[in-house]
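Residue numbers for the sequence shown follow the numbering used here, beginning at 1128 and rising by one. We put the beta carbon where it would ideally sit given N, CA and C, even for glycine.
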Amino acid sequence: MSEEKKRSILVVDDESSNIMTLSHILSPDYTVYAAKNGQSALKAAEKHLPDVILLDVIMPEMDGYAVITALKASENTKNIPVIFITGLSGDDNEEKGLSLGAADYICKPFSTAIVKIRVMNQIKALEQLRIIERLSMTDQLTDLPNRRCFETRLQTEWRRALRERTPISILVIDVDHFKIYNDTYGHQQGDVALKAVAGAIEQTLKRSGDFSARWGGEEFIALLSNTDLHGALDIAEQIRVSVETLEVPCEDRKASKLTVSIGTNTREYGGESTTDEFISRADMALYEAKKKGRNMVCRVDL
1128 MSEEKKRSIL VVDDESSNIM TLSHILSPDY TVYAAKNGQS ALKAAEKHLP
1178 DVILLDVIMP EMDGYAVITA LKASENTKNI PVIFITGLSG DDNEEKGLSL
1228 GAADYICKPF STAIVKIRVM NQIKALEQLR IIERLSMTDQ LTDLPNRRCF
1278 ETRLQTEWRR ALRERTPISI LVIDVDHFKI YNDTYGHQQG DVALKAVAGA
1328 IEQTLKRSGD FSARWGGEEF IALLSNTDLH GALDIAEQIR VSVETLEVPC
1378 EDRKASKLTV SIGTNTREYG GESTTDEFIS RADMALYEAK KKGRNMVCRV
1428 DL
């Protein structure tokens, strides 16, 4: 396993010897972080966001049960699998840990084979969940994020803009006369065209903070963090020109042409109070672009 692809493990134990033993077992395959008490464990978990946490049950001041309760209460760490490491025996202890959200148990003294297998099982389960989550957030035709993914990202960036008092802009992009295009060239060719438009949008959005998605049908949407009105209009116009100059290949080897209409809206600090209003006003601008003849960018009238 290459260093870049290594999964990470956080080992939490107040005994240095236990940390050393588990690090020796796991470090060939994983990046291992360590913490010797509950508070340090919580800080390390928030900082490193490990893939799995191995957590000692009996620790002074803050025991493993208190730590896992805090981990599960945090939005950042609630989904990290926790394996309790313990010398305790009895169904009551195991039941308590599992009821608090523990994924598994490893008993002391450690068996190298058992430690590796139980950690690997959690890593495999985590990878499967991440694949499912990624698929649920991706539009299968264009490979862009889908509407659900966009709405999640919008909430994050909206809160950031409020917190940092920075502008945030949105573009609603609609392929002009797409029904006519489908009727003329067929639905398979329509899919090819949508993929081409998605590619043009993605290539235009060069900043890491920019985010685009397929909104539905022939409609796309883009979120531009820390972008004012002029910046949004400039990017929207670049997208419009990029699509207008596309030559989408057809089966007869002739190139078909497309255009898009784009509605923009910018929220300066103190503007619209909800994300629904933010999107709705961009939709209104898109309607104006279509009403005025299509293949153009329109902004919300301030």
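- Distance check between Val1299 and each of Leu1137, Met1186 and Met1411 places Met1411 closest, using alpha-carbon atoms only.
- For Ile1307, the uninterrupted alpha helix (DSSP H) run begins and ends at Phe1305 to Tyr1312, by DSSP.
- In terms of Cβ geometry, Ala1349 and Ile1295 do not form a close pair [threshold 8 Å].
- For Thr1148, DSSP records no beta bridge to any residue.
- Contact between Ala1162 and Val1179 does not hold, since the beta-carbon distance rounds to 14 Å and is not under 8 Å.
- Our two residues, Ser1154 and Ser1135, have alpha carbons roughly 9 Å apart in a direct line.
- Relative to Glu1278, the option among Asp1428, Gln1255, Asp1303 and Thr1402 whose CA is nearest is Thr1402.
- Across the structure, Ser1201 and Asp1361 are spaced so that their CA atoms are roughly 39 Å apart.
- Every unbroken stretch of the beta strand (DSSP E) spanning 3 or more residues and falling wholly within the stretch 1222-1264 is given here in chain order: 1231-1234.
- The beta carbons of Gly1165 and Met1189 sit about 3 Å from each other, so the pair counts as a contact at 8 Å.
- Here Glu1378 carries a coil assignment [DSSP, helix/strand/coil].
- Of the candidates Ile1207, Pro1187, Asp1231 and Ala1197, Ile1207 places its Cα closest to the Cα of Leu1137.
- Beta-bridge analysis with DSSP links Cys1425 to Gly1390.
- In the DSSP assignment, Leu1356 falls within the alpha helix (DSSP H) that extends over Leu1356 to Glu1371.
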